[in-house]
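Asker:
In full-length UniProt numbering, the protein residues as written are 1 to 166.
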């Protein structure tokens, strides 16, 4: 089990990030998830837990039954040579996000400033190519996610920008 300590730590962090929020304008790595460990935006059944077997000897204890694990094959992703906007669209498609604004992960991957016009003007072409070796794919399996009560209370009833800004 000693050789799997890093994998177990990574898997535990990924499981704790499920149901937490993140801002796509910033980096979407686990490090940047909103809230502390164990805090979630959506309700997850924590009463019924089980051990989650990922692979070989990697077992994460006390995982909600609302979380499932799927084997994920290793592979290679290659974008080809793209213009700035084509690469923005490629990253957005991979993240299942519509729109043509640069995501934080895109800006982070290419060390961009976050100013679309400045970065696009300074960029001729971009390319992304790499291998990935995933431990597993974990995801929430609830068909209808419900917001936590504290999140519901924090959402304003009326759209009033001046009061929201204060």
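Just so you know, even glycine gets a beta-carbon here, dropped at the ideal spot from N, CA and C.
Is the beta carbon of residue 119 sitting closer than 8 Å to the one on residue 84?
Answerer: Here the question's residue 119 lines up with position 119 in the chain shown. Here the question's residue 84 lines up with position 84 in the chain shown. Yes, they are a contact pair.
Asker: In this structure, how does DSSP classify residue 22 when only helix, strand and coil are distinguished?
Answerer: Here residue 22 refers to the residue found at position 22 of the chain shown. It is coil, neither helix nor strand.
Asker: Tell me the start and end of each unbroken alpha helix (DSSP H) in the stretch 97-141 that is at least 4 residues and wholly inside, in chain order.
Answerer: Correct list: 104-109, 116-121.
Asker: Whose C-alpha, out of 3, 14, 9, 10, is nearest the C-alpha of residue 140?
Answerer: Counting from 1 along the chain shown, the entry for residue 140 is found at position 140. When only C-alpha atoms are compared, the closest one is 14.
Asker: By the three-class DSSP mapping on this structure, what secondary structure does residue 148 have?
Answerer: Start at 1 with the first residue of the chain shown, and residue 148 comes out as number 148. The answer is coil: DSSP assigns residue 148 none of H, G, I, E or B.
Asker: Assuming residue 142 and residue 66 are in contact, meaning their beta carbons sit under 8 Å apart, how far apart are those beta carbons, in whole angstroms?
Answerer: As a position in the chain shown, residue 142 is number 142, starting the count at 1. As a position in the chain shown, residue 66 is number 66, starting the count at 1. So it is a contact: roughly 5 Å between Cβ atoms.
Asker: Looking at residue 72: is its Cβ nearer than 8 Å to the Cβ of residue 6?
Answerer: Mapped onto the chain shown, residue 72 falls at position 72. Mapped onto the chain shown, residue 6 falls at position 6. For residue 72 and residue 6, no; Cβs fall outside 8 Å.
Asker: Below 7 Å CB to CB, which residues in the same chain sit around residue 133 once its five sequence neighbours on both sides are set aside?
Answerer: What you label residue 133 is simply residue 133 of the chain shown in a count that begins at 1. Cβ neighbours of residue 133 beyond the five flanking positions: 74.
Asker: Nearest to residue 28 by CA position, among 161, 107, 38, 113, is which residue?
Answerer: Taking the first residue of the chain shown as position 1, residue 28 is located at position 28. If we check each option's Cα against that of residue 28, 107 comes out closest.
Asker: Could you give the residue range of the beta strand (DSSP E) that holds residue 55?
Answerer: Here residue 55 refers to the residue found at position 55 when the chain shown is read from its first residue. Start and end: 49-55.
Asker: Kindly indicate which three-state DSSP category residue 58 falls into: helix, strand or coil?
Answerer: If you number the chain shown from 1, residue 58 lands on position 58. Strand at residue 58.
Asker: If you measure between the beta carbons of residue 63 and residue 148, is that distance less than 8 Å?
Answerer: Reading the chain shown from its first residue, position 63 is the one you call residue 63. Reading the chain shown from its first residue, position 148 is the one you call residue 148. No, these two residues do not count as a Cβ contact at 8 Å.
Asker: By the 10 Å Cβ neighbour count, where 16 or more other Cβ atoms means buried, how is residue 81 classified, buried or exposed?
Answerer: Reading the chain shown from its first residue, position 81 is the one you call residue 81. When all chains shown are included, residue 81 counts as exposed.
Asker: Take residue 46 as the anchor and find which of 69, 19, 54 has the nearest alpha-carbon.
Answerer: The count along the chain shown starts at 1 and reaches residue 46 at position 46. The shortest C-alpha separation from residue 46 is found at 19.
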